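Position one of the sequence shown corresponds to residue 702 (the numbering used here), numbered consecutively onward.
We put the CB at the ideal spot given by N, CA and C, even for glycine.
Predicted, not measured: the structure shown is a model, and the values here were computed from it.
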Amino acid sequence: MRPILPALAALVALALATPAVAADKPSAPHAATLAKVNGIAIPQTRFDEALATARARGASDSPELRANLKNQLIAQEVFRQEAVKRKLQNDPQVLAARDAAMIQRFLQLNVHPAPVAEDAVRSRFDAIITTLGPTEYRARIIAVADESKAREVTDALKAGSADFATLARQHSLLANAQRGGELDWTSFPLPPVEGQTQRLPLPFAQTLTGLKPGTVSGPVAYQGRIFLIQLEEARPTKVPNYNDVKATLRQALEAQALERATAQFVTGLISAAKIEQ
702 MRPILPALAA
712 LVALALATPA
722 VAADKPSAPH
732 AATLAKVNGI
742 AIPQTRFDEA
752 LATARARGAS
762 DSPELRANLK
772 NQLIAQEVFR
782 QEAVKRKLQN
792 DPQVLAARDA
802 AMIQRFLQLN
812 VHPAPVAEDA
822 VRSRFDAIIT
832 TLGPTEYRAR
842 IIAVADESKA
852 REVTDALKAG
862 SADFATLARQ
872 HSLLANAQRG
882 GELDWTSFPL
892 PPVEGQTQRL
902 PLPFAQTLTG
912 LKPGTVSGPV
922 AYQGRIFLIQ
932 LEEARPTKVP
942 NYNDVKATLR
952 QALEAQALER
962 ATAQFVTGLI
972 SAAKIEQ
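Laid out in structure tokens, this is it:
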């Protein structure tokens, strides 16, 4: 039964991240009408909901926006009526989509993540800053199978027959070979300590700190391969302003809160359900 939990958790997260599709429902007898298509009224409330959604996504309220939304709703009603004429309301794909929309709405109404406090966002920011060191490094790396190949690459560098990036494309066994062995900017506290090097292997971090920009390391043995490392650039670490990143951090913490709420909700569903496999 345990494998069901991750699948349902993913379903809940997806549903909560996706706007629900409004279900067709009859309008109240005296509800305001946006327009009529073949005598069928489109309620004004549907337009109001569409306008609110558009504005929430950053659109500016304007006559053009309102006209476009109205035309879209009219077109949707035309399409819906034509689909009904062809009895597509009983089509398996339509029924499946309707079930999916119903499930999605159910999940949105029942999974309630805990709100993220400003203090939690600030604490997360401070924790990230402590993982940085005084210097940022940008490097390239080549991985080869043995010392003989490493000497071949080193000799080519010394002879000037090719630059480091070209040799990485030609010889490196790593996935970033086609990017010339390029690594992202990284920073870590000094001296480098295992587990505190931004997932960079400790021997690589130790090697970087001993290089000057433009220089290449000697062979570095690691996990059965031989590595050559070039330090391209070093600079003082750029610490981001809290106000510039707090929205992104909040989103990450909200996603984590959603995962926790999802796990709790899914566990309850599973425990109450009779599941036969």
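Closest by C-alpha distance to residue i, when choosing among the options
i, options, result
"residue 824", "954, 937, 972, 792", "954"
"residue 958", "804, 767, 822, 772", "822"
"residue 936", "840, 783, 805", "840"
"residue 881", "871, 887, 940, 888", "871"
"residue 908", "762, 752, 921", "921"
"residue 918", "865, 764, 939", "865"
"residue 949", "819, 759, 755", "819"
"residue 737", "768, 759, 758, 778", "778"
Distance CB(residue i)-CB(residue j) smaller than 9 angstroms
i, j, result
"residue 875", "residue 927", "no"
"residue 888", "residue 833", "yes"
"residue 951", "residue 815", "no"
"residue 941", "residue 891", "no"
"residue 753", "residue 745", "no"
"residue 933", "residue 914", "yes"
"residue 901", "residue 912", "no"
Under the three-state DSSP convention, the category residue i falls into
i, result
"residue 913", "coil"
"residue 722", "Below a pLDDT of 50, predicted positions are generally treated as unreliable, and residue 722, at 46, falls in that range; the measurement from the model is reported next regardless. Of the three classes helix, strand and coil, the one that applies to residue 722 here is coil, per DSSP."
"residue 807", "helix"
"residue 727", "For residue 727, the predicted model reports a pLDDT of 47, less than 50, meaning its position is unreliable and no value from the coordinates is stated."
"residue 884", "coil"
"residue 946", "helix"
"residue 826", "helix"
"residue 846", "coil"
"residue 865", "helix"
"residue 858", "helix"
Other residues of its chain near residue i: CB distance less than 6 angstroms, five sequence neighbours each side excluded
i, result
"residue 943", "826"
7 angstroms Cβ shell around residue i - same chain, five flanking residues per side excluded
i, result
"residue 748", "735, 770, 771, 774"
"residue 906", "889, 893, 898"
"residue 848", "920, 927"
"residue 945", "none"
Beta carbon proximity, residue i to chain C, threshold 9 angstroms
i, result
"residue 746", "This model lacks chain C altogether, as it is built from one protein chain only."
Cβ shell of residue i (< 8 angstroms), same chain only, five flanking positions each side left out
i, result
"residue 837", "886, 887, 888, 935, 936, 937, 938, 939"
Determine contact between the stretch 832–852 and the stretch 922–939, defined as no fewer than three beta-carbon pairs at a distance below 8 angstroms. yes
Just checking, does the stretch 847–857 make contact with the stretch 878–897 on the three C-beta pairs under 8 angstroms criterion? With the cut-off at 8 angstroms, the stretch 847–857 and the stretch 878–897 do not touch.
Are the stretch 740–747 and the stretch 775–785 touching, with three or more C-beta to C-beta distances below 8 angstroms? yes
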